[in-house]
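With the first letter of the sequence shown counted as 1, position 34 gets the number 34 in the UniProt record's numbering; the numbers rise by one all the way through. Accompanying notes for the structure given below.
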Amino acid sequence: MLWAIAGAVVFVSAGRPEWAAACAVLAMVAATDLAMVIRHIRQGPHYQPGKDIPPYEPDRGRNEAFGIRKNTGGRHGTRP
1 MLWAIAGAVV FVSAGRPEWA AACAVLAMVA ATDLAMVIRH IRQGPHYQPG
51 KDIPPYEPDR GRNEAFGIRK NTGGRHGTRP
């Protein structure tokens, strides 16, 4: 975002308004993205995207169908 703002300033001073506008738009998109990321971080780990999207369901053993074994009490990260 800082590079986009600096680019807009440099291009305005260099007499290139088209490139300055492009850098300004890029800075606005980056600022909007940053605001959304900060908002989602502040909502915490239980963020749900909207009321029409249900919360995540528990696993209930469905990973076994894909060949992923559950932790059987051994150390985490050990190989079979």
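Glycine is no exception: its CB is placed at the ideal position from the N, C-alpha and C atoms.
My understanding is that residue i touches residue j, with C-beta atoms under 8 Å, so please give their C-beta distance in whole angstroms.
i	j	result
A22	M1	The Cβ separation is near 14 Å, so there is no contact.
A30	A4	6 Å
Classify residue i as helix, strand or coil using the three-state DSSP reduction.
i	result
G7	helix
R16	coil
D52	coil
M1	coil
Using 8 Å as the limit for Cβ to Cβ distance, is residue i near chain C?
i	result
R16	The structure shown contains no chain C, having only a single protein chain.
CB-CB under 6 Å to residue i, same chain, minus the five flanking residues each way: which ones, in chain order?
i	result
V12	A20
Straight-line CA distance for residue i to residue j?
i	j	result
M36	I53	18 Å
A24	G44	31 Å
L34	R42	12 Å
E57	R39	24 Å
E18	T32	21 Å
G50	A14	45 Å
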